[in-house]
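149 is the number that full-length UniProt numbering gives to position 149 of the sequence shown; each next residue is one higher, with no gaps.
For each residue, glycine too, the CB sits at the ideal point set by N, CA and C.
The block underneath contains the structure these notes are about, expressed in structure tokens.
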Amino acid sequence: MKISFQTDCMNGSGMDRHLLAWNLLAAENNLSKPSILQTPAYEQMTHYQVSTSQVPTRHKIQLFFGPSAPDCYGVCYNPQETEMHFAITTFNSYASTSSKRRNRPILGGVGHVVEIDETFVTRRRYNRGRWIRRHKRLFGGYERGSDESFQVLVRKRDAATLLKLIVRYIRPGTAIVSDCW
Numbered sequence: 001m002k003i004s005f006q007t008d009c010m011n012g013s014g015m016d017r018h019l020l021a022w023n024l025l026a027a028e029n030n031l032s033k034p035s036i037l038q039t040p041a042y043e044q045m046t047h048y049q050v051s052t053s054q055v056p057t058r059h060k061i062q063l064f065f066g067p068s069a070p071d072c073y074g075v076c077y078n079p080q081e082t083e084m085h086f087a088i089t090t091f092n093s094y095a096s097t098s099s100k101r102r103n104r105p106i107l108g109g110v111g112h113v114v115e116i117d118e119t120f121v122t123r124r125r126y127n128r129g130r131w132i133r134r135h136k137r138l139f140g141g142y143e144r145g146s147d148e149s150f151q152v153l154v155r156k157r158d159a160a161t162l163l164k165l166i167v168r169y170i171r172p173g174t175a176i177v178s179d180c181w
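Put into structure tokens, the structure is as follows:
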């Protein structure tokens with residue numbers, strides 16, 4: 001399900017693409033936005049806490065982009081043959097995401113929920129670019145109701161590796177939600 005949804009989005013067939021088109025057409029033609037684009041549901045649907053993009057290049061240069069809003073993060077990553085380059089951007093003026101004010105997060109606690117997930121980094125978006133010989137695996141978590149998150153590059157997907165990271169980044173007593181990793 002997750003793979004087919006991602007493929008649909010990459011091919012321009014995602015469930016929200018018509019909404020994006022309406023928004024862009026209204027902006028380009030100096031028209032008011034359709035009412036559906038002014039609802040709290042649409043605002044929440046388009047507000048990405050973490051916006052990520054893979055920008056692979058064979059050159060060792062640092063690429064980055066800014067977050068989509070003051071309370072968000074922009075995460076740009078460039079997979080190489082033997083290493084992974086990351087650039088994480090925030091607005092320093094926003095206290096909860098300011099990289100100058102943050103240390104390594106410890107998420108959750110009793111009564112809190114942390115969602116965890118993993119992803120492979122294998123090639124550029126939209127089915128373009130070169131394949132990476134060694135797949136890179138990114139594991140991370142996000143605490144519901146807060147701006148706290150973590151992301152870690154991992155070599156193994158086994159229980160011992162992931163449990164160490166869960167213990168390191170998530171407080172005891174936290175409800176952890178996953179999609180069956």
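Could you tell me the distance, in whole angstroms, from the CA atom of residue i to the CA atom of residue j?
i      : j      : result
GLN80  : THR57  : 8 Å
GLU143 : GLY66  : 22 Å
ILE176 : ARG157 : 17 Å
ILE36  : LEU25  : 14 Å
LEU138 : LEU31  : 41 Å
TYR42  : ASP16  : 10 Å
GLY173 : VAL110 : 5 Å
ALA160 : GLU28  : 52 Å
ARG168 : ALA69  : 29 Å
ALA87  : GLN62  : 7 Å
HIS112 : GLY145 : 8 Å
LEU162 : HIS18  : 38 Å
THR82  : LEU153 : 12 Å
PHE150 : GLN44  : 21 Å
ASP147 : LYS60  : 31 Å
TYR48  : ASP71  : 9 Å
GLY141 : PRO105 : 10 Å
GLU118 : THR97  : 22 Å
TYR94  : SER51  : 16 Å
LYS164 : ILE170 : 10 Å
So residue i is in the beta strand (DSSP E); what residue range does that whole segment cover?
i      : result
VAL154 : 149 to 154
VAL177 : 175 to 177
ARG137 : 136 to 143
Can you say whether residue i is buried or exposed, counting buried as having 16 or more other CB atoms within 10 angstroms of its CB?
i      : result
THR90  : buried
GLY74  : buried
SER4   : exposed
TYR77  : buried
THR39  : exposed
SER13  : exposed
LYS2   : Interpretation of LYS2 is limited by its pLDDT of 47, a score under 50 that renders its predicted location unreliable; no figure is taken from the coordinates.
PHE120 : exposed
LEU107 : buried
Which residues bound the alpha helix (DSSP H) around residue i?
i      : result
LEU163 : 159 to 169
Consider the Cβ of residue i: report whether some Cβ of chain B lies at a distance smaller than 8 Å.
i      : result
GLY109 : In summary, chain B is missing from the structure at hand, where a single protein chain is found.
In the DSSP assignment, what are the bridge partners of residue i?
i      : result
VAL113 : ALA175
So within the UniProt domain "Choline/carnitine acyltransferase" (7 to 101), which uninterrupted alpha helix (DSSP H) runs reach at least 4 residues, ignoring any that extend past its ends?
17 to 28 and 40 to 45
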